[in-house]
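Residues in the sequence shown are numbered consecutively from 0, following numbering that gives the first Met the number 0. The structure appears right after this line, and notes come after that.
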Amino acid sequence: MDTFPPSVPAVTRPGLSSRDTDAYLARIGCARPERADAEALRELQLRHLLSVPFENLSIHLEEPLVLEEGRLLDKVVGARRGGFCYELNGAFAVLLRGLGFGVTLLQARVFGDGGRLGIPYDHMALRVETSDGSGPWLADVGFGDHSHHPLLLAERGEQDDPAGTFRIAEAADGDLDVIRDGKRQFRLDTRPRELPDFEAGAWWHRTSPLSHFTRSLVCSLLTDNGRVTLTGRKLVTTVAGERNERQLGSDEEVLAAYREHFGLELDRVPEVRSAAS
Numbered sequence: 000m001d002t003f004p005p006s007v008p009a010v011t012r013p014g015l016s017s018r019d020t021d022a023y024l025a026r027i028g029c030a031r032p033e034r035a036d037a038e039a040l041r042e043l044q045l046r047h048l049l050s051v052p053f054e055n056l057s058i059h060l061e062e063p064l065v066l067e068e069g070r071l072l073d074k075v076v077g078a079r080r081g082g083f084c085y086e087l088n089g090a091f092a093v094l095l096r097g098l099g100f101g102v103t104l105l106q107a108r109v110f111g112d113g114g115r116l117g118i119p120y121d122h123m124a125l126r127v128e129t130s131d132g133s134g135p136w137l138a139d140v141g142f143g144d145h146s147h148h149p150l151l152l153a154e155r156g157e158q159d160d161p162a163g164t165f166r167i168a169e170a171a172d173g174d175l176d177v178i179r180d181g182k183r184q185f186r187l188d189t190r191p192r193e194l195p196d197f198e199a200g201a202w203w204h205r206t207s208p209l210s211h212f213t214r215s216l217v218c219s220l221l222t223d224n225g226r227v228t229l230t231g232r233k234l235v236t237t238v239a240g241e242r243n244e245r246q247l248g249s250d251e252e253v254l255a256a257y258r259e260h261f262g263l264e265l266d267r268v269p270e271v272r273s274a275a276s
């Protein structure tokens with residue numbers, strides 16, 4: 000096993016209050032772990048993926064996106080909504096710190112068509128240190144359909160996961176490529192970042208006509224036996240590898256799908272809007 004660069008410190012801060020931590024754990028249906036170890040991290044990530052949807056609805060509902068810990072928790076826990084990477088991993092980092100994990104925010108660039116890399120701060124991921132010294136781990140609840148369990152950052156061999164076979168490979172300038180089933184997913188910069196550093200990336204993704212988030216609606220959630228995704232009015236369910244698509248009709252049917260499959264109580268149907276100039 001290769002040694003992960005020792006120059007990246009774990010970032011710890013006072014986390015949530017005990018009551019707020021319990022509220023977050025209730026949101027994801029997870030008991031409070033006794034220790035901040037690898038087993039607990041694995042369970043927390045999986046429960047988060049099964050409970051909090053990856054969604055970009057705020058962009059099209061013209062809701063503000065504020066990268067402040069309190070506002071992220073208000074949305075994910077208080078309003079029982081989902082979000083995209085900055086929101087989901089930003090909130091998850093607060094929970095992990097509150098439970099005693101060491102957490103560092105990392106920025107990544109996503110591989111797109113033709114292997115082209117996206118913008119800097121395209122994606123947020125988390126480097127997590129555990130009390131059992133088994134890491135560091137790459138934790139991620141904000142990449143949509145991705146690994147169910149945290150990945151060992153220092154491991155260069157294959158890592159099996161319910162979502163496929165993952166590998167972390169050395170890239171230029173000390174970066175790391177995260178690879179799933181032979182396909183590069185994103186390039187990770189191992190230098191520690193802070194939440195405000197992601198403002199520009201978040202602004203680009205919620206305003207640029209080149210961002211796939213401004214061009215389409217998505218709401219997706221891992222399930223115990225597959226995945227459920229609502230894209231506009233198309234509901235896609237995958238159960239044990241079998242995919243089923245259904246076109247929804249009325250607004251009432253769409254709102255019921257958001258409520259039934261994702262636990263989202265919306266007062267109107269999101270519709271794709273033109274990207275801001």
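Just so you know, even glycine gets a beta-carbon here, dropped at the ideal spot from N, CA and C. Since this is a predicted model, take the numbers as computed values, not measurements.
Going by the CB atoms, is the gap between residue j and residue i shorter than 9 Å?
| i | j | result |
| --- | --- | --- |
| Leu-194 | Leu-66 | yes |
| His-122 | Gly-141 | yes |
| Leu-71 | Thr-20 | no |
| Phe-197 | Tyr-85 | yes |
| Ala-201 | Tyr-120 | yes |
| Ser-57 | Arg-205 | yes |
| Thr-103 | Arg-192 | yes |
| Phe-261 | Leu-220 | yes |
| Phe-100 | Phe-53 | no |
| Ser-130 | Arg-34 | yes |
| Leu-87 | Val-75 | yes |
| Asp-174 | Thr-164 | no |
| Glu-68 | Ala-90 | yes |
Where do the N-terminal and C-terminal ends of the alpha helix (DSSP H) with residue i fall, by residue?
| i | result |
| --- | --- |
| Thr-20 | 17-26 |
| Thr-213 | 211-214 |
| Ser-57 | 56-59 |
| Leu-40 | 37-50 |
Excluding the 5 residues preceding and the 5 following residue i in the sequence, name in chain order all residues of the same chain whose CB lies nearer than 8 Å to its CB.
| i | result |
| --- | --- |
| Asn-243 | Val-235, Thr-236, Thr-237 |
CB-CB under 6 Å to residue i, same chain, minus the five flanking residues each way: which ones, in chain order?
| i | result |
| --- | --- |
| Arg-272 | His-59 |
| Gln-184 | Val-177 |
| Ala-30 | none |
| Arg-12 | Bear in mind that a pLDDT of 43 at Arg-12, under 50, signals an unreliable position, so the model cannot answer this. |
| Lys-182 | none |
| Pro-32 | Ala-39 |
| Arg-267 | none |
| Asn-224 | Val-238, Ala-239 |
| Arg-245 | Leu-234 |
| Ala-170 | Asp-176, Arg-186 |
| Thr-228 | Ser-219, Val-235 |
| Gln-106 | Tyr-120, Asp-188, Arg-192 |
Apart from the five residues on each side of it in sequence, which residues of its chain come closer than 7 Å, Cβ to Cβ, to residue i?
| i | result |
| --- | --- |
| Thr-230 | Ser-215, Leu-216, Val-217 |
| Leu-265 | Leu-254, Tyr-257 |
| Ile-27 | Arg-46, His-47, Ser-50, Val-51 |
| Gly-117 | Arg-108, Val-109, Gly-111 |
| Gln-44 | Ala-138, Val-140, His-148, Pro-149 |
I think residue i touches residue j, with their Cβ atoms under 8 Å apart; what is that distance to the nearest whole Å?
| i | j | result |
| --- | --- | --- |
| Ala-162 | Asp-139 | Contact flag wrong, Cβ pair sits at about 11 Å. |
| Leu-137 | Arg-126 | 7 Å |
| Val-93 | Leu-15 | 6 Å |
| Arg-80 | Leu-247 | About 20 Å; that fails the 8 Å criterion. |
| Arg-232 | Asp-144 | Contact flag wrong, Cβ pair sits at about 20 Å. |
| Arg-41 | Pro-149 | 6 Å |
| Gln-158 | Leu-152 | No, Gln-158 and Leu-152 are not in contact; Cβ-Cβ is about 10 Å, not under 8 Å. |
Between which two residues does the beta strand (DSSP E) containing residue i stretch?
| i | result |
| --- | --- |
| Arg-186 | 182-187 |
| Ala-170 | Ala-170 -> no beta strand (DSSP E), and no H or E assigned at all. |
| Ala-138 | 136-138 |
| Leu-66 | Leu-66 -> no beta strand (DSSP E), and no H or E assigned at all. |
| Leu-175 | 175-179 |
| Asp-277 | Since the first residue shown for the chain is 0 and the last is 276, residue 277 is missing from the structure and cannot be characterised. |
Run the proximity test for residue i: is its beta-carbon closer than 8 Å to any non-hydrogen atom belonging to the ligand COA?
| i | result |
| --- | --- |
| Leu-66 | Annotation note on the ligand COA: not contained in the displayed structure, which lists no ligands. |
- What residue ranges within the region 71-124 form continuous alpha helix (DSSP H) runs of no fewer than 4 residues, ordered along the chain? The DSSP assignment places 84-97 as complete runs of the alpha helix (DSSP H) inside the region 71-124, in order along the chain (cut-off: 4 residues).
- Would you mind listing the beta strand (DSSP E) stretches within the region 190-254 that are 3+ residues and don't spill past its ends, in chain order? Entirely contained in the region 190-254, the beta strand (DSSP E) runs reaching 3 residues are, in chain order, 218-222, 225-230, 233-238, 241-246.
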